[in-house]
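Chains as they are written, first to last, in this note's numbering: chain A, 1 to 125; chain B, 1001 to 1582.
Glycine residues also receive a C-beta, built at the ideal position from the N, C-alpha and C atoms.
In this text the structure is predicted, and so the values were computed from the model without any measurement.
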Ligand SMILES: Cc1ncc(C[n+]2csc(CCOP(=O)(O)OP(=O)(O)O)c2C)c(N)n1
């Protein structure tokens, strides 16, 4: 099943890596990620992630994410099939220094389908 | 709702004015002291030297283990017995990586642990400096949380937060990585008031409890399945009152052994791969499984699809992420165990006589026979006798700390365990080398209780250097080393599941363990015949300081019963069945 995760994350060292690690280690595949500051006074970010859960239960994943200390809130929504098929890796984290991570580019599948290739935006890379 | 907290480290720091100027290392040590930490298990090195300098003038007791893994596992044992956060520390690089197994061990068994690592100065972090490893990144999958303290002004708060996170909710290990320049920078030590962010957590309500009560009342064959969560939350009274009130049959995981007194008539023993026949059969037959602080671990369930196939499930756990993770719960009770059980105890006693009689019959039909013919030492009988003797002489205070292997299962099956925190066993990670350092931690936590290590000839070698720690601190830990000249559990699996193709399990070139122990300054004795058992036990009882009883046993001895990996618990095989076949 493909789902969209909406997560509010406190801006702490390692927070994003911890989150992404949890998603992958718990057996889910990250397909797409975007991020923007949560705004207001809070030092937090809102993340939107498309995740392929395979046969695993998204409810459990969300509970596992919620218990991460840096996570302020997490929720999931079912992703329509056509969006899942078009999904590619594009990282839009706006503050690479904050996350201190390197994301490897991955070819998206749009070119293979005859569409316009959209290179993934790599953070620090 | 806020995560329930069983600790109050946040309000710990109270210093009288005027506030002194301290360096980071001193701030760390003072904060630990002010939070009530009494001892740390550690090993020094370059990046953490400022902290060791601060320790010279501190009240905080430092226990020098002889390997960082020993430090982490000793802190784990300390935490399990005391209920406090265990604290360990190491230098950067190899010191930090050596802690990792212990951190993972604490993670898998939800043990509150604070691991402090020195780090290279912030200016050279990320440059592959001498003894630099990214321990923050390496440990991420096995910590509850972690911090790199880059600013001296946040250190005090971070230490308190780290302790609080380790202890609160579902406990676990927290890593605090301290760069050397932060440890030497200065700031004012102050009255710390720390605010904690806690993510909203699910919590059961009255209607959930009522649904659970109804499900319980409607059941004809209810079974309580208790796990480590009951121990961590110290829900002993609530669990015992609940099962007593309803006279409910109970099965236990490895971690909860000792929670239900063995003379309670409905106690069916340990469930799972090396569980008892009554426990596994009752689970297969029950129509309601009340899972209390357990997590349907694969060692418990065997083939998950065929586990407790007729049962509805009520699941109580402080960690909502455990509920329905592997087995869908019909009634979910995320939250604290004790209040939920008190609610269920307030209901009218269940009328389940027929089921209780059936469970009693299961028990009666599978009494273990400790009469073992021949001259060899029969490990289950020996362990049972030792545990009974020490339980009696210590008024139920004796602690048994196990290593990993066949001997660990024999302890679980045959030892008299009077309380779950008196049984230290690496359940989730199965860490060979756990027993001795955990016993060291346990002995520091309870100086007056007898602490007994049960180890194997493979496991003891994993942390044998800690014999030195026993000697250094004069800890009267008693080691029972079951020497079968092989990696017994692996040998057993090769015998049963790999067509007796024995591969790298022979340890017949072991050293003379009694000589090894004596060379560390530890009294030792070897026995190998059943007739010497009483002499061996007398040696353990009469030796004041640390001692080691080296027990030679038959290399072919196996642990029974056993559920073959990946199969249903119904496929349990017992030794005699197998021997009949062969
Ligand atoms: C650190 C570690 N390495 C390997 C294993 C795999 N393992 C599990 S039990 C076992 C054999 C243990 O041998 P021993 O300590 O002599 O105990 P016995 O089974 O003979 O009682 C091994 C190698 C492990 N659990 N932990």
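Proximal residues of chain B, C-beta to C-beta of residue 60 of chain A below 8 Å:
Correct list: 1321, 1324 and 1325.
Selection from B:1497, B:1050, B:1112 and B:1166 that minimises the alpha carbon distance to residue 1120 of chain B
With respect to the C-alpha of residue 1120 of chain B, the residue from B:1497, B:1050, B:1112 and B:1166 having the closest C-alpha is B:1050.
With a threshold of 6 Å on Cβ separation, who are the neighbours of residue 1492 of chain B within its own chain once the five nearest residues in sequence on each side are excluded?
If the five residues before and after residue 1492 of chain B are omitted, its C-beta is found closer than 6 Å to the C-beta atoms of 1558, all from its own chain and listed in chain order.
Cut-off 6 Å between Cβ atoms - residues of its own chain near residue 1153 of chain B, not counting five sequence neighbours on either side
Hits under 6 Å: 1187.
Skipping 5 residues on each side, what residues in its chain have a beta carbon closer than 6 Å to that of residue 1129 of chain B?
These residues qualify, in order along the chain: 1120.
3 or more residues per run - each beta strand (DSSP E) lying fully within the region 9 to 67 of chain A:
Qualifying beta strand (DSSP E) stretches, in chain order: 29 to 37 and 44 to 52.
Can you give the Cα-Cα distance for residue 1336 of chain B and residue 1568 of chain B, rounded to whole angstroms?
Residue 1336 of chain B and residue 1568 of chain B: Cα-Cα distance of roughly 31 Å.
Taking the alpha-carbon of residue 1545 of chain B as reference, which of B:1566, B:1475, B:1563 and B:1367 has the nearest alpha-carbon?
Checking every option, the nearest Cα to that of residue 1545 of chain B belongs to B:1475.
Measure from the C-beta of residue 1145 of chain B to each C-beta in chain A and report whether the shortest distance is under 9 Å.
With 9 Å as the cut-off, residue 1145 of chain B counts as an interface residue toward chain A.
So residue 1541 of chain B is in the alpha helix (DSSP H); what residue range does that whole segment cover?
Looking at the DSSP string, the run of the alpha helix (DSSP H) that includes residue 1541 of chain B is 1533 to 1542.
Strictly below 8 Å CB to CB, what residues from chain B border residue 25 of chain A?
Chain B residues near residue 25 of chain A: 1141.
Can the beta-carbon of residue 36 of chain A be found less than 9 Å from the beta-carbon of residue 68 of chain A?
With contacts defined as CB atoms closer than 9 Å, residue 36 of chain A and residue 68 of chain A fail to qualify as a contacting pair.
Which one of B:1166, B:1124, B:1372 and B:1021 has the shortest CA to CA distance from residue 1088 of chain B?
The candidate whose alpha carbon is nearest that of residue 1088 of chain B is B:1166.
Check whether the region 1445 to 1465 of chain B touches the region 1425 to 1436 of chain B, counting contact only when three or more Cβ pairs, one atom from each stretch, lie closer than 8 Å.
Flag = yes, the region 1445 to 1465 of chain B and the region 1425 to 1436 of chain B touch.
Close Cβ partners of residue 957 of chain B (< 7 Å) along its chain, the five nearest in sequence each way excluded:
Residue 957 of chain B lies beyond the stretch modelled for chain B, which goes from 1001 to 1582, so this question has no answer here.
So, does the CB of residue 6 of chain A fall closer than 9 Å to a CB anywhere in chain B?
Contacts with chain B at 9 Å (Cβ-Cβ) do not include residue 6 of chain A.
Just checking: is the beta-carbon of residue 21 of chain A within a distance shorter than 9 Å of some beta-carbon in chain B?
Chain B contact via Cβ: present.
Does the beta carbon of residue 1165 of chain B sit closer than 9 Å to a beta carbon anywhere in chain A?
With 9 Å as the cut-off, residue 1165 of chain B counts as an interface residue toward chain A.
Does the distance from the C-beta atom of residue 52 of chain A to that of residue 31 of chain A stay below 9 Å?
Yes, these two residues count as a Cβ contact at 9 Å.
Is residue 1101 of chain B near ligand 1, going by C-beta to nearest heavy atom under 8 Å?
Taking the Cβ of residue 1101 of chain B as the reference point, at least one heavy atom of ligand 1 falls within a distance shorter than 8 Å.
Proximal residues of chain C, C-beta to C-beta of residue 1136 of chain B below 7 Å
Protein chains A and B are contained in the structure displayed, whereas chain C is not.
Check the C-beta distance from residue 1513 of chain B over to residue 1548 of chain B and give it rounded, since I have them as a contact under 8 Å.
About 7 Å separates the beta carbon of residue 1513 of chain B from that of residue 1548 of chain B, a gap short enough to meet the 8 Å contact definition.
Residues near residue 1019 of chain B in its chain [Cβ-Cβ closer than 7 Å; skip 5 each side]
Cβ contact annotation for residue 1019 of chain B (same chain, cutoff 7 Å, sequence separation greater than five): 1188, 1189 and 1190, in chain order.
Element boundaries [alpha helix (DSSP H), containing residue 1285 of chain B]:
Looking at the DSSP string, the run of the alpha helix (DSSP H) that includes residue 1285 of chain B is 1277 to 1285.
Using 10 angstroms around the beta-carbon of residue 77 of chain A, count the other beta-carbons present and answer buried if the total reaches 16, otherwise exposed.
Counting other Cβ atoms within 10 Å of its Cβ, residue 77 of chain A stays below 16 and is therefore classed as exposed.
Among B:1086, B:1123, B:1110 and B:1124, which residue has its Cα nearest to the Cα of residue 1588 of chain B?
This structure cannot settle anything about residue 1588 of chain B, because the visible part of chain B is limited to 1001 through 1582.
Less than 7 Å between C-beta atoms, sequence neighbours within five positions excluded: which residues of the same chain meet that for residue 1449 of chain B?
The answer, listed in chain order, is 1394, 1397, 1398 and 1399.
Alpha-carbon spacing of residue 1528 of chain B relative to residue 1454 of chain B, whole angstroms
Distance between the alpha carbons of residue 1528 of chain B and residue 1454 of chain B is about 16 Å.
May I have a chain-ordered list of the beta strand (DSSP E) segments no shorter than 3 residues that lie completely inside the region 1382 to 1459 of chain B?
Complete beta strand (DSSP E) runs here, min 3: 1399 to 1402 and 1451 to 1456.
Quick check: the Cα distance between residue 44 of chain A and residue 9 of chain A, rounded to an integer number of angstroms?
Straight-line Cα distance between these residues: approximately 5 Å.
Along the chain, where does the beta strand (DSSP E) that runs through residue 1483 of chain B open and close?
Segment 1478 to 1483, the beta strand (DSSP E) holding residue 1483 of chain B.
With the cut-off set at 9 Å, would you say residue 1226 of chain B and residue 1207 of chain B are in Cβ contact?
No Cβ-Cβ contact shorter than 9 Å links residue 1226 of chain B with residue 1207 of chain B.
How should residue 111 of chain A be labelled, buried or exposed, when 16 other C-beta atoms within 10 angstroms of its C-beta is the threshold for buried?
Note that residue 111 of chain A scores 32 on pLDDT, short of 50, meaning its location in the model is unreliable; the coordinates nonetheless yield the value given after this. With fewer than 16 other Cβ atoms within 10 Å, it is exposed.
In its own chain, which residues sit with a C-beta less than 8 Å from the C-beta of residue 1530 of chain B, not counting the 5 before and 5 after it?
For residue 1530 of chain B, same chain residues with a beta-carbon under 8 Å away, outside a window of 5 residues either side, are 1372, 1374, 1375, 1376, 1377 and 1378 in chain order.
I'd like the ranges of any alpha helix (DSSP H) spanning at least 4 consecutive residues and lying wholly in the region 1162 to 1245 of chain B.
Listed in chain order, they are 1180 to 1184, 1206 to 1218 and 1228 to 1232.
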